[in-house]
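J.: Got a structure for you, written out below as structure tokens; questions coming shortly.
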Amino acid sequence: MNDDLVQVIEGASKILNTTLQQRERSLYNYVLVPFHDPEIGPVTVTSDPEEFQLRLQDLFVQGGGDCPEMSIGAIKLALEVCLPSSFIYVFTDARSKDYSLVDSVLTLIQQKQSQV
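In our numbering, the protein residues as written are 1 to 116.
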């Protein structure tokens, strides 16, 4: 699982660095919503890409082998705090178990005009 986490951090860092290298800065805020079972959060909302990178580096593997996870709840929380028209990236190695939130998440995606 630790190898998976390293790949998540590296992948998210590459996405961040790619957007920061563009002439026109297309990202204005960064939201990180870690999720474990059964906890979601704490949420980080920042306009500072360096702070976002630091929070990524703070992620850790907790437990393991207890699939599925609370990923839809994390997506819902990200949608609640993100700016409209945001891109939301989800990194997980497990299926979701909180499917009861799907309808509210789909509504939020439409309201925020965001992409997951």
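Beta carbons: idealized from backbone N, C-alpha and C, even for Gly.
With a threshold of 7 Å on Cβ separation, who are the neighbours of Cys67 within its own chain once the five nearest residues in sequence on each side are excluded?
T.: Along the sequence shown, read from residue 1 onward, the residue named residue 67 stands at position 67. Taken in chain order, the residues that qualify are Ala94 and Arg95.
J.: As a quick exercise: from Val45, Met70, Pro38 and Leu16, pick the residue whose alpha carbon is nearest that of Tyr83.
T.: Against the sequence shown, residue 83 aligns to sequence position 83. Note that residue 83 corresponds to Leu in the displayed sequence, not to Tyr. Closest option to Leu83, Cα to Cα, is Val45.
J.: Can you check whether the C-beta of Leu16 is within less than 8 Å of a C-beta belonging to chain C?
T.: Note that chain C does not occur in the displayed structure, where there is just one protein chain.
J.: Can you find at least 3 beta carbon pairs, one from the region 48 to 58 and one from the region 6 to 16, that sit closer than 8 Å?
T.: yes
J.: Counting only the same chain and skipping the five closest in sequence on each side, list residues whose C-beta sits under 6 Å from that of Val31.
T.: Translated into the one-based positions of the sequence shown, residue 31 becomes position 31. Contacts found: Val45, Ala78, Val81 and Cys82.
J.: What's the gap between the Cα of Ser114 and the Cα of Tyr89?
T.: Position 114 of the sequence shown, counted from the start, is the residue given in the question as residue 114. Position 89 of the sequence shown, counted from the start, is the residue given in the question as residue 89. Answer to the nearest angstrom: the Cα atoms are 11 Å apart.
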